[in-house]
Amino acid sequence: MFGLSWAEMLVIAIVTLVLVGPQDIPKVIKAISQAFNMAQKMAAEFKMHVAELAREVDVHELSKDLDKHLELPKLDIEKRITDTVDSDHQIRSSFSPDYQNDRFEEKVPTNQKDLALVEEKVPERRREMWEEPENIVLLEKVPSLLPPRIALRLAEEQKEWLRPSVIPPMVALHDGRRAVVAAEIGARE
Numbered sequence: 776m777f778g779l780s781w782a783e784m785l786v787i788a789i790v791t792l793v794l795v796g797p798q799d800i801p802k803v804i805k806a807i808s809q810a811f812n813m814a815q816k817m818a819a820e821f822k823m824h825v826a827e828l829a830r831e832v833d834v835h836e837l838s839k840d841l842d843k844h845l846e847l848p849k850l851d852i853e854k855r856i857t858d859t860v861d862s863d864h865q866i867r868s869s870f871s872p873d874y875q876n877d878r879f880e881e882k883v884p885t886n887q888k889d890l891a892l893v894e895e896k897v898p899e900r901r902r903e904m905w906e907e908p909e910n911i912v913l914l915e916k917v918p919s920l921l922p923p924r925i926a927l928r929l930a931e932e933q934k935e936w937l938r939p940s941v942i943p944p945m946v947a948l949h950d951g952r953r954a955v956v957a958a959e960i961g962a963r964e
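Residues 776 to 964 in my numbering are what the sequence shown spells out, letter by letter.
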């Protein structure tokens, strides 16, 4: 009822027994029960008065009248956003097929003067560094999964790579004798 466990109620009973004493416990319990009964009666009386006031004022009719008089205009959110974003309807008209055909229709120059202007305006595409003939050869030596710029950089740096001194040199048997095959990584080519 009060959200108390049995152990907590037992502690309260023991404390009450110690503080009040065994002869006064019935008087305390009677006083507490009378206080609860009075609180319940006051709550019931308050509810009754509120219900009576509601009937007198006729809250339901009042709320209906308020709704009728204070009826808010229906909010057309889509229209309000459209008016805010595209007040002159230029964006909406850009999606019409006529607008797109007019805009993207190719205008082919007819006279020589216009053709010369068009040719001057178009810049020649700059060749990328990996499209150079000498770099194509380098790119063939590196894994193809690397991006071209990184692959070129690694291919150029490969000549400078040195074998770590902790790794023994590659040795092969030649005529029964050991011979060093490559001392550096770049020398394997």
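Each residue gets a CB set at the ideal place from its N, CA and C atoms; glycine is no exception.
Exposure of A926, with buried meaning 16 or more beta-carbon neighbours within 10 Å: buried
Could you pull out every residue in the same chain whose Cβ sits closer than 8 angstroms to the Cβ of L914, ignoring the five residues on either side in sequence? W905, P923, A926, L927, A930
Residues in the same chain with beta-carbon distance under 8 angstroms from I800, minus the five sequence neighbours each way, listed in chain order, please. T791, L792
Integer-rounded CB distance, given that D861 should sit under 8 angstroms from R867: R867 to D861, Cβ: 6 angstroms. Contact.
Between V795 and W781, what straight-line distance do the alpha-carbon atoms span, to the nearest angstrom? The C-alpha of V795 lies about 21 angstroms from the C-alpha of W781.
Any idea what DSSP makes of R938, helix, strand or coil? coil
Other residues of its chain near V917: CB distance less than 7 angstroms, five sequence neighbours each side excluded: A926, L929, A930
Starting from L914, trace the alpha helix (DSSP H) both ways and give me its first and last residue. 908 to 915
Cβ-Cβ separation, V946 to V955 (assumed contact under 8 angstroms), whole Å: Right, their Cβ atoms sit about 6 angstroms apart.
For the alpha helix (DSSP H) holding M784, just list the boundary residues, first then last. 781 to 795
Hey, would you say R938 sits closer than 9 angstroms to P944, going by beta carbons? yes
Which residues mark the beginning and the end of the alpha helix (DSSP H) in which L948 is found? No alpha helix (DSSP H) holds L948; the beta strand (DSSP E) holding it covers 945 to 949.
Segment limits, alpha helix (DSSP H) that includes S869: 865 to 869
Within a Cβ cutoff of 6 angstroms, which residues of the same chain sit near L828, ignoring the five residues on either side of it in sequence? none
Between R787 and L779, is the Cβ-Cβ spacing less than 9 angstroms? It should be pointed out that residue 787 corresponds to Ile in this sequence rather than to Arg. In contact: I787 and L779 (Cβ atoms closer than 9 angstroms).
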